[in-house]
Amino acid sequence: MALLVCKFGGTSLATPERVQAVAKKLVAYHRQGERVVAVVSAMGKTTDDLLALAKSVNPHPPARELDRLLATGEQASMAVLAMAIEALGVHSTSLSGRQAGIMTTTVFSRAQISEVRADRINEELDCGRIVVVAGFQGITPKGDITTLGRGGSDTTAVALAAGLQADLCEIYSDVAGVYTADPRIVQRASKLANISYEDMLELAAAGSGVLQMRSVELARNFGVTIYCRSAFSADVGTYVREGKAMEESIVTGIVSDLSKAKVTLRGVPDRVGLAAELFGTIADGGVLVDMIVQNISEFGLTDISFTVPKSELSRLEPILDKLVQILGVRGFIVAEDVAKISVVGAGMQSSPGIAAQMFKVLANCGVNLDMIATSSIRISVVVGAAGVEQAMRELHTAYGLDSDSDFADTHLTAAELEAKMTKGR
Ligand code: ASP
Ligand code: MG
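Position one of the sequence shown corresponds to residue 2 (the numbering used here), numbered consecutively onward.
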């Protein structure tokens, strides 16, 4: 008897029919004799709608109240799924984050899971029930509801898989696995059968939205095997697990990220401790900074550029205004029309020329580089947003990642898949 944790994303639960299809899948596992824990996201675009609702009454909603509101999305879908399971003649219990024993820190909107107290889940499983847990949320020691950041249901699923010592953590979504590039941009992207934690972490950090980055960190730390697969077809997906996955390939994948803005601070005094004060103040404001580049200083002044999520700009700009005043920074420029392109692969550690090749391809596409940053297994550049899709396709070809067939030829659209799935029920 295996223990399975199965997580379903919002798209997989967007309509009553889809919820019923998910219930059917879980019941099939149950009838095979597996112990089944489902983790759910909010149905469809519920989280975005709740966020908009909050902003409509308060442009800066208090974080505690916001978490409380957003957590209701997952609480609705867990109950609906449990009902759909019961309709198929199998007993099911839905549990909120609190009931499932997901203990977190008190950082609202970005809480970290500190512990999983799985007694209640185990009790329910022992009674032969399918347990449905609300993803994305937990409870502080004081009893306040927290959320784990956007995409946080992935992290709930992996944390439960670790806490329950599950045999497998399946992540079902509208993406059928991990690809060498986003198939909506690069038609010849190919699906990876396996990917290592290391490469997956870098892809997630580079902006691939398949898994929340923290879920991958957690999986690596606790040795949880993740299987990313489609909620709409039985196609094979991608295993995220330890090991050298793609022996022959140097580059595992390419990611473009349009969610970042580039901020340049002009005329920053070049003195010891300045960067510490600068980024300390930004961090105190709760803003997550990504790539940082400092330019050569002249006449005791320097320019510093960094990237931040566009969604953080409204929080960042008042902080920057303050920094201009207190630290004597001359001014700042925000560029939103930028894209980050990253090339990822553990294989590049032992293979020279990967960066040079990237720069050459981008130059041939007429793309100018604004920023460059590297880790031992990732090269990221920030460029103007125009022409990024073309550049992605050219890079994919240059690194020998193109599959033999077009994604569009071999894969059905989400609508086609759903039609097929509905018929199959
Ligand atoms: N519903 C949350 C979100 O949209 C959490 C998740 O889906 O993982 O970010
Ligand atoms: Mg997600």
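Every residue gets a Cβ at the ideal spot worked out from N, C-alpha and C, and that includes glycine.
| Is Val362 helix, strand or coil by DSSP? | helix
| task | Could you say which of Arg36, Ala72, Ile86 and Ala55 lies nearest to Val23 if we only look at CA atoms? | result | Ile86
| task | Output the distance between the C-alpha atoms of Gly144 and Asp236, rounded to the nearest integer angstrom. | result | 42 Å
| request: Go through its chain and collect everything with a Cβ distance to Ile196's Cβ below 7 Å, but skip five positions before and after it. | output: Val179, Thr239, Val241, Ala246 and Thr253
| task | Could you tell me which of Leu289, Leu259, Ser260 and Leu328 sits nearest to Glu278, measuring between CA atoms? | result | Leu328
| field | Residues bridged to Ile378 (per DSSP) | value | None; Ile378 has no bridge partner.
| field | Candidates Ala3, Ser260, Val382 and Ala220, of which the one nearest Val294 by Cα | value | Val382
| Where does Phe109 sit, in a helix, a strand or coil, going by DSSP? | coil
| request: Under 8 Å by Cβ, that's how I've got Ser42 and Gly11 pegged, so tell me the actual separation to the nearest angstrom. | output: 4 Å
| request: Give me every residue whose Cβ sits closer than 7 Å to any heavy atom of the ligand MG, in chain order. | output: Gly10, Ser42, Gly152, Ser154, Asp155, Ser174, Gly210 and Gln213
| field | Beta-ladder partner(s) of Gly268, from DSSP | value | Answer is none; Gly268 lacks a bridge partner.
| said: On the DSSP letters alone, give me the boundaries of the beta strand (DSSP E) that Arg230 sits inside. | reply: Ile227 to Ser231
| request: Determine the DSSP secondary structure at Asn195, reduced to helix, strand or coil. | output: strand
| Check whether Val134 and Leu96 have beta carbons under 7 Å apart | yes
| task | Could you tell me the boundaries of the beta strand (DSSP E) in which Ser174 lies? | result | Leu169 to Ser174
| task | Pull up the distance between the alpha-carbon of Phe333 and that of Arg272, whole angstroms please. | result | 18 Å
| task | Just mark Pro184 as buried or exposed, buried being the case when its beta carbon has 16 or more other beta carbons within 10 Å. | result | buried
| Per-residue DSSP class, three states only, for Asp183 | coil
| With 16 as the cutoff for other CB atoms within 10 Å, does Thr105 come out buried or exposed? | buried
| task | Tell me whether the beta-carbon of Ala55 lies closer than 7 Å to the beta-carbon of Gln138. | result | no
| query | Is the closest heavy atom of the ligand ASP to the C-beta of Phe137 under 6 Å? | reply | yes
| request: Report the three-state DSSP secondary structure of Ile297 (helix, strand or coil). | output: coil
| task | With a threshold of 16 other CB atoms inside 10 Å of the CB of Phe109, please say whether the residue is buried or exposed. | result | buried
| With a CB to CB cut of under 8 Å and the five nearest residues on each side skipped, what residues in its chain are close to Ala207? | Val256, Asp258, Lys341, Ser343, Val345, Arg379 and Ser381
| message | With three or more C-beta pairs closer than 8 Å as the rule, is the stretch 356 to 375 touching the stretch 213 to 225? | response | no
| request: Between the Cα of Pro270 and those of Asn296, Ser260 and Cys170, spot the shortest distance and give me the residue it belongs to. | output: Asn296
| request: Reducing DSSP to helix, strand and coil, say where Phe280 ends up. | output: helix
| query | Per DSSP, which one or two residues make a beta bridge with Met104? | reply | Glu116 and Ile140
| said: Could you check whether the Cβ of Thr48 sits closer than 6 Å to any heavy atom belonging to the ligand ASP? | reply: yes
| message | In whole angstroms, give me the CA-to-CA distance for Asp120 and Gly102. | response | 8 Å
| Met372 - partner residues in DSSP beta bridges | Val383
| Should Arg394 be labelled buried (16 or more other beta-carbon atoms within 10 Å of its own) or exposed? | buried
| C-alpha distance - Asp371 paired with Ser306, whole-angstrom precision | 10 Å
| said: Quick check: the Cα distance between Gln33 and Asn59, rounded to an integer number of angstroms? | reply: 49 Å
| query | Which residue comes first and which comes last in the alpha helix (DSSP H) that contains Asp68? | reply | Ala64 to Ala88
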